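Asker: Structure incoming, see below.
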Amino acid sequence: MDFNTYRELATKASDLHGAGKSAEALKILAELVLSDISDIDKSVMCLNAAIINDQAGEIEQALKWYDRGMAYEQAQAKYFVTMRKAAYLVEKKRFDESLQILQRLLSRPYVPESDKIVIQTNIDLVQKMMKEQEQP
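Written out as structure tokens, the structure is:
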């Protein structure tokens, strides 16, 4: 797929979602994920689909889209969607799951030391939130 077609479809999906036509937007995003765009672009389309599903209250469907996006980006040694999923799980008060993702990410050999500091800070924050939640 050429860049202009990709951009037009991604913009159309965004416009449809903005107009309240989320099902149509999700259909376009799913088609983009099945196309020949790069894995990184596919991961971003998965992230967009996750966000739309979350806004529709479809949390488990959103998590599936996050997982799909993570698979695409991991093959490219990236972790933007992974970090977004960890943050999403914190928003949903699913601290254990978020912590597991962050700890796995911390052990990946392609994560630069500077990012490991950020990830460790996030781990510390999630652990603090877990302790606060446990207190009556």
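If you count by this note's numbering, then the sequence shown holds residues 2 to 137, one letter each, in order.
Note that CB positions come from ideal geometry on N, CA and C, so glycine has one too.
Small disclaimer: the values here were computed from a predicted structure and weren't measured.
Decide if Glu74 is buried, meaning its Cβ has at least 16 other Cβ atoms within 10 Å, or exposed.
Answerer: Position 73 of the sequence shown, counted from the start, is the residue given in the question as residue 74. Its Cβ being crowded by 16 or more others within 10 Å, Glu74 is buried.
Asker: Scan the region 61–86 and note each continuous alpha helix (DSSP H) run of 4 residues or more that stays entirely inside, going in chain order.
Answerer: none
Asker: Rounded to whole angstroms, what is the Cα-Cα separation between Ala51 and Gln136?
Answerer: As a first step, residue 51 is located in the sequence shown; it is residue number 50 there, counting from the start. As a first step, residue 136 is located in the sequence shown; it is residue number 135 there, counting from the start. Roughly 32 Å between the two C-alpha positions.
Asker: So, using beta-carbon positions, are Ala76 and Asp40 closer together than 7 Å?
Answerer: Along the sequence shown, read from residue 1 onward, the residue named residue 76 stands at position 75. Along the sequence shown, read from residue 1 onward, the residue named residue 40 stands at position 39. Yes. Within cutoff.
Asker: Can you give the Cα-Cα distance for Val119 and Gln56, rounded to whole angstroms?
Answerer: What you label residue 119 is simply residue 118 of the sequence shown in a count that begins at 1. What you label residue 56 is simply residue 55 of the sequence shown in a count that begins at 1. So the two alpha carbons sit approximately 27 Å from each other.
Asker: By the 10 Å Cβ neighbour count, where 16 or more other Cβ atoms means buried, how is Lys147 classified, buried or exposed?
Answerer: Absent from the structure is residue 147, since the part of the chain shown begins at 2 and ends at 137.
Asker: Under a three-way DSSP split, which group does Ile38 fall into?
Answerer: The residue given as residue 38 occupies position 37 in the sequence shown. The answer is coil: DSSP assigns Ile38 none of H, G, I, E or B.
Asker: Which of the three DSSP states is assigned to Glu98 in this structure?
Answerer: Position 97 of the sequence shown, counted from the start, is the residue given in the question as residue 98. Three-state result, Glu98: helix.
Asker: In whole angstroms, what separates the C-alpha of Lys86 from that of Leu64?
Answerer: Here residue 86 refers to the residue found at position 85 of the sequence shown. Here residue 64 refers to the residue found at position 63 of the sequence shown. Going by the C-alpha atoms only, they are around 8 Å apart.
Asker: Compare the beta carbon distance of Asn49 and Leu33 with 7 Å and say whether it is the shorter of the two.
Answerer: To locate residue 49, count along the sequence shown from 1; it is residue 48. To locate residue 33, count along the sequence shown from 1; it is residue 32. Here Asn49 is not near Leu33, since their CB atoms are 7 Å or more apart.
Asker: Just curious, the alpha helix (DSSP H) that Tyr111 is in, first and last residue?
Answerer: Within the sequence shown, numbered from 1, the residue matching residue 111 stands at position 110. Premise fails: Tyr111 is in no alpha helix (DSSP H) and is neither H nor E.
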